[in-house]
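See structure below.
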Amino acid sequence: KDLLNKAREDAKINRKEGESLSKAVIRNALKRLYYNFCKTTPGGLPTGPAYERAMPDKISPQAFGHEKVNYPMSDYPHLSNLPVGGLGAPVCEVDYTTCYLKAGHMIQDSSIRKLSVEINGKKYSLKEVACTYHALYPLSERTYHLPIPFSILQFSPIIPGNYQASSLPVEIIEIIAENPTNKPITVTFTISQENILGWYPKKGKDDPKDPNGVLIWNRQNEGNYSETFKDGNMTGVIFKKKGNQKDLVRVGTGLAGQIALVSINVPGKIEITPVFSKIEDNTATLKFSLVLQPKEKIQHPIAIAYDNPFYNFQYDATDPKSPGVRMPKFYTRFYDKTGQNAQKIATDALNNHKTWKQQIIAFQETVTKDPELPAFFKQALLNEIYVLAETGIWEADQGRFAYLESIDYKMYNTSDVNSYTWAILALFPELEKKDLLELANLVPLSDPRRRWFGTDRWANIPPAEWKHLYWAPVKDPGAVCHDLGGLLGEGIFPFTNTCNEFNWSNANMWIDLAPKFALRVWRYYTFMLEQTGIPDKDFIQTVYPSVKTALDTLERRWGDKETHVPISKGIPDWTYDTIAGEGYTPNVVTQWLGALKTAAAMATIVKDHNTAMKYWIWYDAGKPVLEKLWNPKGYYNAFATPDGSKVNTNIHSDMLFGDFYMRMSPGGLKPVVPNDKATKSLDTIYKINGKEWSKVGNHGPLGLVNLRGPDGEQNKTEQGDEGWTGTMLLNAAYQIKLGKETNNPKLIQNGWDIVHGFFNVVYSHSPDSQHWFGRTPEGYVNPDDIKYDEKQKKYKEGKILKNGTVVPATGRAPKYMRALAIWAIYAALKDNKIPLNIYNVKISEPKDAFPLPFGTEK
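As structure tokens, this is what we get:
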């Protein structure tokens with residue numbers, strides 16, 4: 001039935017002239033059966049685990065999720081696709097209408113690339129031809145409904161453990177064509193692309209005053225030109241810009257350098273012809289002509305390289321004269337910083353693309369061929385990696401990598417959020433290590449410049465004794481950084497020896513950043529010990545002073561005098577930064593207790609025995625706090641004051657964050673929550689925050705909501721009503737981990753049900769889907785819950801587009817970092833032993849250099 005329904009949809013799109021509908025349905029059903037039988041696409045993607053949908057998109061705006069908040073955020077008029085480009089060198093999504101060529105910014109405009117194919121003299125614009133889109137990151141493929149089997153596979157070499165290839169600003173396109181007939185067929189494929197050198201973002205016409213609104217291209221074509229070249233069997237086009245190339249690259253704030261489109265001539269088989277459009281069109285074309293013999297199939301590669309060697313971070317990305325800093329990209333370690341290497345990068349890519357593809361498939365097959373894993377999990381696990389490339393930066397001097405919290409929340413390596421993620425640790429552990437070293441370096445530093453924090457929302461809310469926290473220094477000594485800088489307009493750029501671009505709240509007062517830092521340090525140490533058998537004691541020796549300083553500072557400023565446990569001040573002072581509570585919260589208590597254990601273990605490694613003893617004393621003093629928070633209904637209360645006079649009995653899905661960390665990173669240390677109470681808490685969360693939440697509106701599984709009342713009552717706060725993708729995925733990992741430890745199949749099944757709920761909303765095509773694929777949000781809501789700031793209006797009635805259409809306002813902050821918590825599930829399933837032979841690969845030592853202002857010689 002499902003096959004026939006999909007075949008009917010296909011037939012509506014690709015029905016041939018004069019063909020009856022029934023014949024078209026049968027033809028498409030047979031084609032789908034063929035793909036199902038093969039179990040791979042023409043380009044080699046396994047059809048079960050790969051994401052699939054029809055293109056052009058047929059899903060109306062009323063059927064997919066939109067931003068739920070009232071303040072300006074990016075919003076998608078259509079569904080998303082996966083990107084191409086390297087880690088720290090993002091390019092565009094595969095349709096080239098959404099691009100990330102200006103670091104940290106998403107530009108949505110008309111496509112800068114056009115593809116067409118001619119089959120026996122009949123020309124088809126591929127934008128207008130229906131196709132089936134498959135994605136298993138970093139591979140994306142579009143299989144077109146044409147008279148012959150024809151598809152385009154796109155990828156960049158994002159390969160775990162291969163730091164050099166993963167950094168390259170290159171895209172590989174494979175043209176895949178087959179002649180199923182008994183006669184020769186002439187095929188001509190054309191790729192046309194605009195020369196985008198000198199371009200930079202500008203604000204869209206709809207609302208140019210909107211600071212977070214849509215960005216489009218400012219098409220600065222003056223001086224742009226193209227050249228062709230032939231080098232051996234390589235033929236291509238290089239985009240250039242007139243002028244002194246050294247100056248253009250050194251001070252240019254738009255795209256500077258070169259772009260190359262290169263492919264391989266096959267004498268007597270494939271002839272490549274460069275074609276130039278009129279000068280004012282600013283485009284160049286590569287045309288591929290070949291004759292396919294009967295039953296012949298070809299796979300032919302094209303490489304597109306973008307040698308734009310510097311990041312230019314500015315106060316205003318839409319103003320080319322805006323000041324800022326620049327830094328070289330990581331790939332310039334292997335090429336130089338002149339911006340004149342696009343041809344070499346592209347030709348190197350063509351020489352290596354087969355090896356890269358084999359390495360990608362070998363990595364993916366550790367997942368796709370694992371019988372323990374359900375197909376829906378495989379699909380989400382691999383595809384969520386996209387955000388590392390799409391929003392990442394990777395500087396060359398010290399090899400530090402960072403990625404945005406969200407395309408809306410433009411802060412790099414947000415530390416509270418990043419602590420939920422497991423992907424970088426599992427796939428590129430050297431980058432995790434460098435982030436921890438950077439955070440450690442910043443702990444003792446201070447930035448005494450004062451600024452207002454969140455005055456538009458919170459200045460009148462906190463009690464008088466806390467208002468001084470909202471006009472305060474950017475960075476207090478001893479505090480862990482919230483982020484490494486960003487692009488919110490505060491002028492704190494990443495890797496500039498300062499931090500905290502975040503201006504919504506004063507993160508210096510947050511009570512969860514220090515313990516999360518300690519837990520992450522121990523996680524890295526124990527994880528790498530598990531993979532390699534080698535204890536990295538030098539790493540502990542380096543970061544331990546900052547761990548000690550951070551925990552001691554937190555205890556001195558916000559710890560209870562008797563228990564030493566950090567106390568929430570009745571204002572938002574943790575990762576849930578619109579949820580205010582007073583007193584102890586189990587989320588932070590378990591973090592604190594776990595951090596004390598790990599810090600004591602680190603102190604023992606570095607032979608600081610007095611501090612180790614101090615932390616064990618603090619641990620013993622704080623352990624009874626958990627008992628005060630226990631609710632006889634089978635969970636820990638969300639908040640309670642030390643004297644017990646105020647108790648918040650809400651059920652928080654993230655209540656035992658610290659205990660999960662301890663179970664995943666033991667290193668000889670025991671958990672901080674007893675098995676029986678952890679089991680009861682997880683089961684309560686699953687029943688109330690999972691099943692009862694999903695029942696509202698009779699939905700299928702939705703995952704987990706952040707907060708619910710003890711009997712399932714809606715919380716009616718902005719973040720309380722949301723199901724945070726990273727929170728629910730980490731909870732699923734916790735359920736599976738504890739289920740395996742205690743031989744409890746019910747917990748394991750709970751975990752899979754939660755993951756399936758996430759998949760149901762983000763990836764599936766079910767009636768419950770909000771179609772967040774490629775733009776996974778921080779959180780989403782049940783569309784049938786009442787809006788937190790309304791009396792009757794539901795979230796699904798919450799947004800009116802400019803054309804008057806009412807659409808569901810169900811999500812917030814797309815392309816979000818925290819969903820990479822899904823790799824914690826994989827680590828839990830594998831008992832923290834990841835089946836990848838990558839953990840002895842190292843990045844060379846840092847050069848100890850810092851970014852420079854624009855125009856500065858280097």
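Take UniProt numbering: the last position of the sequence shown gets the number 858, and nothing is skipped along the way.
We put the beta carbon where it would ideally sit given N, CA and C, even for glycine.
Query, Result
"Going by beta carbon distance, what residues of the same chain come within less than 7 Å of Y788, once the five residues before and after it are set aside?", "K716, T717, E718 and D721"
"Could one say the Cβ of S125 lies closer than 8 Å to chain E's Cβ atoms, at least one of them?", "Among the chains in the structure shown there is no chain E, since it carries only a single protein chain."
"How about N120 and P294: are their beta carbons less than 8 Å apart?", "no"
"Assign K203 to one of three DSSP states: helix, strand, or coil.", "strand"
"Which residue's Cα is closest to the Cα of W823: E797, N383 and F495?", "N383"
"Can you tell which of T190, I511 and I159 has the C-alpha that lies nearest to the C-alpha of K354?", "I159"
"Does the Cβ-Cβ distance between P429 and M327 come in under 8 Å?", "no"
"How far does the alpha helix (DSSP H) with R53 in it extend, from its first residue to its last?", "Run containing R53: none in the alpha helix (DSSP H); it sits in the beta strand (DSSP E), Y51 to M55."
"Does DSSP classify M234 as helix, strand or coil?", "strand"
"Return the first residue and the last residue of the alpha helix (DSSP H) that V170 is part of.", "Looking at the DSSP string, V170 is not in any alpha helix (DSSP H); the run it does join, the beta strand (DSSP E), is V170 to E178."
"Cα separation between Y839 and E790?", "51 Å"
"In the DSSP output, which residue or residues are listed as bridge partners for M327?", "Y311"
"Verify whether the separation of the beta carbon atoms of I385 and F155 is less than 8 Å.", "no"
"Can you tell me whether residue 863 is buried or exposed, with buried defined as 16 or more other CB within 10 angstroms of its CB?", "Nothing in the structure corresponds to residue 863, since the chain is present only between 1 and 858."
"Got a sec? Which residues, its chain only, sit under 6 Å from A103 by beta carbon, not counting five neighbours each side?", "Y311 and I393"
"Which residue marks the beginning of the alpha helix (DSSP H) containing H771, and which one marks its end?", "Per DSSP, H771 belongs to no alpha helix (DSSP H) and is neither H nor E."
"Check each candidate in Q220, V588 and F495 and name the one with the smallest Cα separation from A514.", "V588"
"State yes or no: is the C-beta of N503 within less than 8 Å of the C-beta of R557?", "no"
"Is it true that the segment 281-291 meets the segment 175-194, where meeting means three or more beta-carbon pairs spaced less than 8 Å apart?", "yes"
"At the level of alpha carbons, what is the spacing between S22 and K6?", "13 Å"
"Measure the alpha-carbon distance for N744 versus T679 and round it to whole angstroms.", "9 Å"
"Compute the Euclidean distance between the alpha carbons of R487 and M411, then round it to the nearest angstrom.", "It should be pointed out that residue 487 corresponds to Leu in this sequence rather than to Arg. Taking the straight line from one Cα to the other gives about 7 Å."
"If you run the structure through DSSP and keep just helix, strand and coil, what is S505?", "coil"
"Is the distance from the Cβ of L136 to the Cβ of G774 below 8 Å?", "no"
"Report the three-state DSSP secondary structure of F759 (helix, strand or coil).", "helix"
"With distances taken from CA atoms, which of L146, Q164 and Q314 is nearest E178?", "L146"
"Identify, in the order they occur along the chain, each residue of the same chain with its Cβ nearer than 6 Å to the Cβ of N760, setting aside the five sequence neighbours on each side.", "G700, P701, S766 and D768"
"Go through its chain and collect everything with a Cβ distance to N418's Cβ below 7 Å, but skip five positions before and after it.", "M817"
"Under the assumption that L404 contacts T421 (Cβ atoms under 8 Å), give the Cβ distance between them as a whole number of angstroms.", "Rounded, the Cβ-Cβ distance is 13 Å, inconsistent with contact."
"Consult DSSP for A103 and reduce its assignment to one of helix, strand or coil.", "coil"
"Bridge partners for V117 per DSSP, in chain order?", "Y124 and F189"
"Go ahead and label A459 buried or exposed: buried means 16 or more other beta carbons lie within 10 angstroms of its beta carbon, across all protein chains shown.", "Only weak support is given to the placement of A459: the predicted model assigns it a pLDDT of 46, under 50, and the question is left unresolved by the model."
"In this structure, does DSSP put N383 in helix, strand or coil?", "helix"
"D447: buried (16+ other C-beta within 10 angstroms of its C-beta) or exposed?", "buried"
"Give me whichever residues DSSP pairs with I800 in a beta bridge.", "V806"
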